[in-house]
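J.:
Number of protein chains: 2
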Amino acid sequence: MVGRPAIVELTSVALPDAELVARLFRTLGDATRLRVVELLIEQGELHQMEIVRRLDASQARVSEHLTCLIWCGFVSTRTEGRRTFYRVTDKRVRSLISSAHRFLSGNQAAIASCRKVDG
Amino acid sequence: MVGRPAIVELTSVALPDAELVARLFRTLGDATRLRVVELLIEQGELHQMEIVRRLDASQARVSEHLTCLIWCGFVSTRTEGRRTFYRVTDKRVRSLISSAHRFLSGNQAAIASCRKVDG
DNA sequence: ATCTATCAGCCGGTTTTCCGGATAGTAACA
DNA sequence: TGTTACTATCCGGAAAACCGGCTGATAGAT
């Protein structure tokens, strides 16, 4: 018997745990996305055009990065009038980033000069 | 007067802080590298071929990833005979990774389905 | 000395990811 | 309803990163 296909699930393909964690790290592995998150942590809440101005990035870029950050649970939103405000609510995001900063102190030079895998 | 060029410095170009932190995140943003680090955290100390066997990855890949991890300060080494043993000594690495795992719990589905920037 | 186990480096190809620029959608407001 | 903010999406092109396969180097064993 051939039935109709099953309802599409968000996580139809179970990714291995390491791939998930790696993906999480990659989300913060882009300087622009990271700057957005850190800016929101500092400022508390901003709407998109304000982020665009402060980071001097294109609106399209910021919009796409925000979509990604929201999707992954780093940023949450609130709409007011014709503006959408973005903020970081999850405290685990802050602790993750400060963890990174702690590791970075003393390793800046090494990481700055690391050529990654291939030269 | 035209002198000889200055001695090459490791960090001749000062990278902005955000780019450094992003690069740090990207280092753990590859599943294979992450698995190497987590394996070493669990097992304490392993030589390269042992890592190759346990991860079922090619020796060349593991070697290059290890080079990167050593370079960035995640992993340190000890040579004994013709073997080199690798381990994670910096406790900040552990706390960084467990920070990530804490954030991941409750966000797996979201991160698994996130399409990043472009579709 | 020769062979073997272990580790490192290079190269070509493919995939992923980022960006600029243009375009389309949406909600408030006159 | 038309205009004006504001936000979202699409489309090449370019750069970064990963991988497989091969080669080279070194230290111990035979």
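Heads up: the sequence lines are chains X and W, in that order. Position in the first sequence (from 1) plus 309 gives the number in the numbering used here. Position in the second sequence (from 1) plus 309 gives the number in the numbering used here. All C-beta atoms in this analysis are idealised placements derived from N, C-alpha and C, irrespective of residue type, glycine included. All values derive from a computational prediction rather than experimental measurement.
1. Would the beta-carbon of V345 (chain W) fall within 8 Å of that of L413 (chain X)?
2. Does DSSP classify Q417 (chain W) as helix, strand or coil?
3. Taking 7 Å as the limit between beta carbons, can you name the residues of its chain near H374 (chain W), skipping five residues before and five after?
4. Going by alpha carbons, who is nearest to V361 (chain X) out of X:A409, X:S372, X:Q352?
5. From the beta carbon of L329 (chain W), is the nearest beta carbon of chain X less than 8 Å away?
6. Looking at the structure shown, is L355 (chain W) part of a helix, part of a strand, or coil, going by DSSP?
7. Under a CB-based cut-off of 8 Å, is L319 (chain W) close to chain X?
8. For S408 (chain W), count neighbouring Cβ atoms within 10 angstroms of its own Cβ and tell me buried if that reaches 16, exposed if not.
9. For A369 (chain W), decide whether its Cβ has a neighbour in chain X, counting only Cβ atoms nearer than 8 Å.
10. Would L364 (chain X) and L348 (chain X) qualify as a contact pair, given that the criterion is a beta-carbon distance under 8 Å?
11. What do you reckon, are the CB atoms on T398 (chain W) and Q357 (chain W) nearer than 8 Å?
12. Does the Cβ of G353 (chain W) have 16 or more other Cβ atoms within 10 Å, making it buried, or fewer, making it exposed?
13. May I have the straight-line CA-CA distance separating C423 (chain W) from Q417 (chain X), to the nearest angstrom?
14. Select from W:S404, W:G415, W:L355 the residue whose C-alpha is nearest the C-alpha of E389 (chain W).
15. Tell me which residue opens and which closes the alpha helix (DSSP H) that F334 (chain W) is part of.
16. Below 7 Å on C-beta distance, what does D339 (chain X) contact in chain W?
17. With T386 (chain X) as the anchor, note down where its alpha helix (DSSP H) starts and where it stops.
18. Mind checking which residues open and close the alpha helix (DSSP H) that includes R370 (chain W)?
T.: The answer reads as follows:
1. no
2. helix
3. T341, R342, V345
4. X:S372
5. yes
6. strand
7. Here L319 (chain W) scores only 42 on pLDDT, less than 50, and its place in the model is too uncertain to base an answer on.
8. buried
9. no
10. yes
11. no
12. exposed
13. 30 Å
14. W:L355
15. 326 to 336
16. A331
17. Note, T386 (chain X): premise wrong, no alpha helix (DSSP H); beta strand (DSSP E) at 385 to 389.
18. 368 to 380
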